[in-house]
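There are 8 protein chains.
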Amino acid sequence: MQLKVYLSGEIHTDWREEIAHGVRDAGLDVSLSGPVTDHAASDDCGVAILGAEDNKFWHDRKGALLNSIRTRKGIEDADVVVVRFGDEYKQWNAAFDAGYAAALGKSLIILHGPHHAHALKEVDAAAQAVAETPAQVVDLLRYVLTGALPA
Amino acid sequence: MQLKVYLSGEIHTDWREEIAHGVRDAGLDVSLSGPVTDHAASDDCGVAILGAEDNKFWHDRKGALLNSIRTRKGIEDADVVVVRFGDEYKQWNAAFDAGYAAALGKSLIILHGPHHAHALKEVDAAAQAVAETPAQVVDLLRYVLTGALPA
Amino acid sequence: MQLKVYLSGEIHTDWREEIAHGVRDAGLDVSLSGPVTDHAASDDCGVAILGAEDNKFWHDRKGALLNSIRTRKGIEDADVVVVRFGDEYKQWNAAFDAGYAAALGKSLIILHGPHHAHALKEVDAAAQAVAETPAQVVDLLRYVLTGALPA
Amino acid sequence: MQLKVYLSGEIHTDWREEIAHGVRDAGLDVSLSGPVTDHAASDDCGVAILGAEDNKFWHDRKGALLNSIRTRKGIEDADVVVVRFGDEYKQWNAAFDAGYAAALGKSLIILHGPHHAHALKEVDAAAQAVAETPAQVVDLLRYVLTGALPA
Amino acid sequence: MQLKVYLSGEIHTDWREEIAHGVRDAGLDVSLSGPVTDHAASDDCGVAILGAEDNKFWHDRKGALLNSIRTRKGIEDADVVVVRFGDEYKQWNAAFDAGYAAALGKSLIILHGPHHAHALKEVDAAAQAVAETPAQVVDLLRYVLTGALPA
Amino acid sequence: MQLKVYLSGEIHTDWREEIAHGVRDAGLDVSLSGPVTDHAASDDCGVAILGAEDNKFWHDRKGALLNSIRTRKGIEDADVVVVRFGDEYKQWNAAFDAGYAAALGKSLIILHGPHHAHALKEVDAAAQAVAETPAQVVDLLRYVLTGALPA
Amino acid sequence: MQLKVYLSGEIHTDWREEIAHGVRDAGLDVSLSGPVTDHAASDDCGVAILGAEDNKFWHDRKGALLNSIRTRKGIEDADVVVVRFGDEYKQWNAAFDAGYAAALGKSLIILHGPHHAHALKEVDAAAQAVAETPAQVVDLLRYVLTGALPA
Amino acid sequence: MQLKVYLSGEIHTDWREEIAHGVRDAGLDVSLSGPVTDHAASDDCGVAILGAEDNKFWHDRKGALLNSIRTRKGIEDADVVVVRFGDEYKQWNAAFDAGYAAALGKSLIILHGPHHAHALKEVDAAAQAVAETPAQVVDLLRYVLTGALPA
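Chains as they are written, first to last, in my numbering: chain U, 1 to 151; chain G, 1 to 151; chain S, 1 to 151; chain B, 1 to 151; chain P, 1 to 151; chain H, 1 to 151; chain C, 1 to 151; chain V, 1 to 151.
Structure (structure tokens):
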């Protein structure tokens, strides 16, 4: 069994790398994907390729539509969608991805600190697991794939 | 033609009533639905009916799962899902609903002030319209149903 | 909002009537359906209409296939599927119905005594609510439809 | 042609190994998967990774939700779902899996002794085959793949 | 509960009328539909409305495509599809309708004499019931709707 | 049987009215819908309700997205989609609607003069009927509903 | 591009081999599948593996259900379903497969002599091509894959 | 991540080659497909393989149906559908493909000169990006796959 895992949400900490390293160290057959995590590129990609916009709203729209090609592909192909909520920003796109994945019947793992628990209760309730650390996500994936629990 | 419209999001202002009045005044064939908007009931419904929980996490889970019966029914039955982002709280459930509705191919109208535009760009990009006021939502629904524009 | 509710499972106690009375007393817009609850008719319907079978296995098959017309129609049309596990019999058809409903994305309410909790943990985990009494099911439906909690 | 086969149900006898050996001996292009079959790990996986729960109900819930990632992936990817009902335990998760697979349109093979036939009649009626022994399951898979019947 | 029933197949005997009378006499909430049963109109409808064709193949094609509007609508809306195989003609369109309905997950009742049993074994195997007479079909529908067996 | 029919395409001739009159005169149980046919309103609806745009591209985008709420609702609810290609304009939205409807499995009737036949061959090939006049469309709908051919 | 092609229908002539040879000679990237074509094995497979039946009807049922595992897998995986109608037998299973494939949106090629054209008009009308010879089927597949027409 | 990209529309300029070269030069993991671009073969393929037709309408129909096998396969397998509108011909099949792809939820890139913008506004509004040059399409695909923007 191989698992395709999409890593959605926060782009300002190295949680994706922690999961990638953990998965590699554990020798798991996991294929990871995620959004473009370069904040500036992600914001400006639309106008950089398709031409400038005077209006910031449409500047943003062009970028968001372009990024959605990658996001939708990643989520639709995934077996498991991990959504990380960090401490900064509104992160509405993360919650949007979680809802999108839930409607498609994907298995969801939500990753956040305990202080977000009440605000995320509807999102958590749609999930198969709620983790606090990337290491726990690795443990979850290892168990799903191999049945092995942490020592 | 009748439109079934689900009103998701903010529960602390009277935007749902404004839309309901506007739709009634305009004589539109619109059927409105939405979540339970009594904040306390919505938070405590699970334990109130099914028994108390010591752990707040599971207290919340019981409520969120129960509320999801109504939310999913409302969104799945809707032709149009309006999602309102207000000025307070994280409102991740609103963004989750938007993602859920988008994945089901529902027409989306996002309702928010201009200061939220950048943070909501991915959500807006999945929508058929981005409005700033409930009156605009009424105008949108009237146009969809009758072809009439505001005077 | 109207809710279509399918009542699956145990046929030897009057739990369906309790829910029907509760729903009627509360004035809820709920449409109830369920399987044929006459045990003998349900077992023998196939051969009674289509001709006897020497082999009990095919006697059962004819009946089960015929009953599945009603069961599938009821579950597929439902917004909410309530599955009751009683104290007697294997009740594998109840668990089968729960799995069938879960795969279709129906909201599930599982109704059973606490002694069944461990054996039903996979079924409960797919549900929006786990209730112990028919009165709780009525309370759940009232809350979903009206937002009102028990006094 | 390759067949992906998910082996659901009983975890206390070696029926999965019998099928695996039979399939290997027959040189069939079959890819087998199944749930985690270590009973203790399966029961405790949720709390072992995500933290202990005082309440057994939520202890079980955490584990069941985690196991569902693997179960759903296995069933959704499968061409054929084999469900084994043994002689012990309630095995409601086995019947749940059968219903889940049936709703997804998977081909089902139900494996049980004749004494369970009446109690499983609704499950059997949704199946392409009802077998009594793992060797018969191997014969069924060989016939589907190669057209060869047992000597 | 209401059942929508599509009556496919043979158009040269009065089996549809027998079922219609039986359903009416039994007071069942059944809505019946079916193809155009005027053989000549059914063959010539395409060219009669859209213009003549020199080539019989395209004469037939125009009619068959037009008839498919009604057939597909009837089958897609139905809860139960009854397919009657009579004694004359190839009746490949009846078997095609059965396959179409099966792929959509409709409940199927196949109606034919015992001499057709071997030739129809694949079609029968996809069905919930195999009947020999229209009266049996009425009995099946009555049981599904009311739970009542024939006296 | 009732037919829901969406009338897509050309908005500069009175073909919709011809079909509406014909259907009414024939007493057919047909429910007609279609896009907003006021060309100016259709072009400017987005900015009229949601605010002006300097850039014509986004002016158009706002209107097209708003109109898509009605168009998608109409097509998704329809049993039959009639698409009319007239003699003026590019009419790419008509062909887009035809493709959208075809992918959803809707029955298609294409309405155009013979000079467009070669250019529309891919669109016609996805259709159940190709008509030249609104009167023929009425005849097609009458036949589908009643089996009656033109005198 | 690779094409997965399922070859349904007649099992008493060597048309499948002709297509297989033609495809190989043309060097096409085509993956062929089909039912078990050993008539006796196909009829008796169910009882040979799962035990004898006194009643021919259930003897046939066991075989037909078992064969449906392969048939459904083949059709559901296919890009193109070729259905061959020969000169003997009722061949209702061939027409059933055609209907099943049509409902799944598969591309259909129907292969039959001109004398069957009228009886197969509904089946042909659901197809992308109607061929008379296996060589034409090879030509069709070559054109689809390479754009090359016969010399 | 690999992207499967279908290139629909104009067949009289070398835009497909430009994209193919650009993708190759950039070392992107992109799999390109498209329709048969030999205009004469595409028009005549049906009659060349399946026999001549006196009537041009059916000559065209045979070809269009045959081409649809490749077109549907290409679109249904694609992650991204690029649709090019050139300066000549009606190009209704291009708009049809865009509608077909949109209804399937594919990511769309529309490629056209600015003079077509108003006529294509409904098509553009369903797209993730609107480009003017093949080089921009390559830049879009590179960004989606690698996150890299043009230098």
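Each residue gets a CB set at the ideal place from its N, CA and C atoms; glycine is no exception.
Beta-carbon contacts of residue i that lie in its chain and below 7 Å, excluding the five residues immediately before and after
| i | result |
| --- | --- |
| Y100 of chain H | I75 |
| P114 of chain V | E132 |
| V138 of chain B | I19, G22, V23, A26 |
| L50 of chain C | K62 |
Secondary structure of residue i, DSSP reduced to three states
| i | result |
| --- | --- |
| I11 of chain H | coil |
| K73 of chain S | helix |
| V144 of chain C | helix |
| V137 of chain H | helix |
| K56 of chain U | helix |
| A40 of chain S | helix |
| K62 of chain B | helix |
| Y100 of chain P | helix |
| P150 of chain C | coil |
| E88 of chain P | coil |
Cα-Cα separation between residue i and residue j, rounded to whole angstroms
| i | j | result |
| --- | --- | --- |
| A125 of chain P | Q91 of chain S | 26 Å |
| Q2 of chain C | H59 of chain V | 27 Å |
| L140 of chain C | L65 of chain V | 11 Å |
| G46 of chain C | D29 of chain P | 39 Å |
| E88 of chain C | S31 of chain P | 38 Å |
| Q128 of chain B | D14 of chain C | 29 Å |
| R72 of chain G | D97 of chain G | 9 Å |
| I19 of chain G | T133 of chain G | 9 Å |
| K121 of chain C | H118 of chain B | 45 Å |
| I69 of chain C | T37 of chain C | 15 Å |
| V130 of chain G | R16 of chain H | 32 Å |
| A40 of chain U | F57 of chain U | 16 Å |
| A192 of chain V | N93 of chain H | No information on residue 192 of chain V is available, as it lies outside the stretch 1 to 151 that chain V covers here. |
| A52 of chain G | H116 of chain S | 19 Å |
| N67 of chain V | A95 of chain H | 17 Å |
Opposing strand residues paired with residue i [DSSP bridges]
| i | result |
| --- | --- |
| A129 of chain V | V:I109 |
| V81 of chain P | P:Y6, P:L108 |
| S68 of chain C | Bridge partners of S68 of chain C: none, in fact. |
| W120 of chain V | Position check: residue 120 of chain V holds Leu in this sequence, whereas Trp was assumed. Paired residues: none, contrary to the question. |
| S31 of chain C | C:K4 |
Residue i CB to nearest heavy atom of the ligand COA below 6 Å
| i | result |
| --- | --- |
| P150 of chain S | Ligands displayed in this structure: none; no statement on the ligand COA is therefore possible. |
Where residue i meets chain C, residues with beta-carbon distance less than 8 Å
| i | result |
| --- | --- |
| A99 of chain P | The displayed chain sequence assigns Gly, not Ala, to residue 99 of chain P. The contacting residues are A95, F96, D97, A98, G99, Y100, A101, A102, A103. |
Neighbouring residues, chain U, relative to residue i (Cβ below 7 Å)
| i | result |
| --- | --- |
| K121 of chain B | The contacting residues do not exist; K121 of chain B stays about 29 Å from chain U at best. |
Contact set for residue i: own chain, Cβ-Cβ below 8 Å, skip 5 residues either direction
| i | result |
| --- | --- |
| G78 of chain C | Looking at the sequence shown, residue 78 of chain C is not Gly but Ala. Around A78 of chain C: K4, V5, Y6, S33, A101, K106. |
Neighbouring residues, chain S, relative to residue i (Cβ below 8 Å)
| i | result |
| --- | --- |
| D54 of chain C | D54, N55 |
| H118 of chain B | K56, D60 |
Amino acids of chain P, ordered along the chain, whose beta-carbon sits closer than 9 Å to that of residue i
| i | result |
| --- | --- |
| W58 of chain V | E53, N55, F57, W58, R61 |
Chain-ordered neighbours of residue i on chain U, where CB pairs are closer than 8 Å
| i | result |
| --- | --- |
| K106 of chain B | Within 8 Å Cβ-Cβ: nothing; K106 of chain B doesn't reach chain U, min ~15 Å. |
| A64 of chain G | K121, E122, D124, A125 |
Contact list for residue i against chain G, beta-carbon separation under 8 Å
| i | result |
| --- | --- |
| S68 of chain U | E122, A125, A126 |
Contacts of residue i in chain B (Cβ-Cβ under 9 Å)
| i | result |
| --- | --- |
| K73 of chain C | M1, L3, D79, V80, S107, V144 |
| S33 of chain C | M1 |
Proximal chain H residues relative to residue i, where beta-carbon distance stays under 8 Å
| i | result |
| --- | --- |
| W15 of chain V | Per Cβ cutoff of 8 Å: no residues; W15 of chain V is ~18 Å from chain H at best. |
| P150 of chain G | A48, I49 |
Partners in chain B for residue i, counting only beta-carbon separations shorter than 7 Å
| i | result |
| --- | --- |
| G147 of chain U | V36, D38, A41 |
Interface partners of residue i on chain U, CB under 9 Å
| i | result |
| --- | --- |
| A26 of chain V | Neighbours of A26 of chain V on chain U: none; closest Cβ ~13 Å, over 9 Å. |
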